[in-house]
Amino acid sequence: MTTSLGAKIKRHRQEKGYSLDKLAELTDSSKSYIWELENRDARKPSGEKLTRIAQALEVTTDYLLDESEEPGDAVLKEAFFRKFSKLAPDDQAKINQMIDMWGKKD
1 MTTSLGAKIK
11 RHRQEKGYSL
21 DKLAELTDSS
31 KSYIWELENR
41 DARKPSGEKL
51 TRIAQALEVT
61 TDYLLDESEE
71 PGDAVLKEAF
81 FRKFSKLAPD
91 DQAKINQMID
101 MWGKKD
């Protein structure tokens, strides 16, 4: 089953509880631009806009452009790693410590 770019943006926006205004704010776009992306397949965002949208929705640009319906494991891991990479070094260290602790439970 194929899923359009607009349908993916809308579904992930709604899953995150974002209004059109909120996603527009997070991506430095207008509300009407986001609405057009979601509802008019003819509209294609620039690479920069697509990247901002993907980051706000915590998916990858590849996933948004691919017509598959669900993000795969690799997409989710890449999106997580991008978020992790933007954290302060102290926060990254804390997360690494948590992962190490969980790994010792075996």
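Under the UniProt record's numbering, the first residue of the sequence shown is numbered 1, with each subsequent residue one higher.
C-beta: ideal position from N, C-alpha, C; glycine also.
Item: The ligand FMN heavy atom lying under 7 Å from the CB of Asp-21; Value: Ligands are entirely absent from the displayed structure, and the ligand FMN is therefore not among its contents.
Item: Cα-Cα separation between Leu-87 and Leu-64, rounded to whole angstroms; Value: 24 Å
Item: Other residues of its chain near Leu-57: CB distance less than 6 Å, five sequence neighbours each side excluded; Value: His-12
Item: Ser-4 beta carbon less than 8 Å from that of residue 134; Value: Residue 134 cannot be examined here, being either before or after the span of the chain that is shown, 1 to 106.
Item: Distance CB(Gly-6)-CB(Leu-37) smaller than 8 Å; Value: yes
Item: Phe-84 vs Gln-92 beta-carbon contact at 8 Å; Value: yes
Item: Pairwise C-alpha distance: Lys-104 and Lys-94; Value: 16 Å
Item: Neighbourhood of Leu-23 by C-beta, 7 Å cutoff - its chain only, sequence neighbours within 5 removed; Value: Arg-13, Ile-34, Ala-56
Item: First through last residue of the alpha helix (DSSP H) which encompasses Asp-56; Value: At residue 56 the sequence reads Ala, which differs from the Asp that was named. Residues 47-57.
Item: Host alpha helix (DSSP H) of Glu-67 (start-end); Value: Counting along the chain, Glu-67 falls outside any alpha helix (DSSP H), and DSSP gives it neither H nor E.
Item: Thr-61 and Leu-76 closer than 8 Å at C-beta; Value: no
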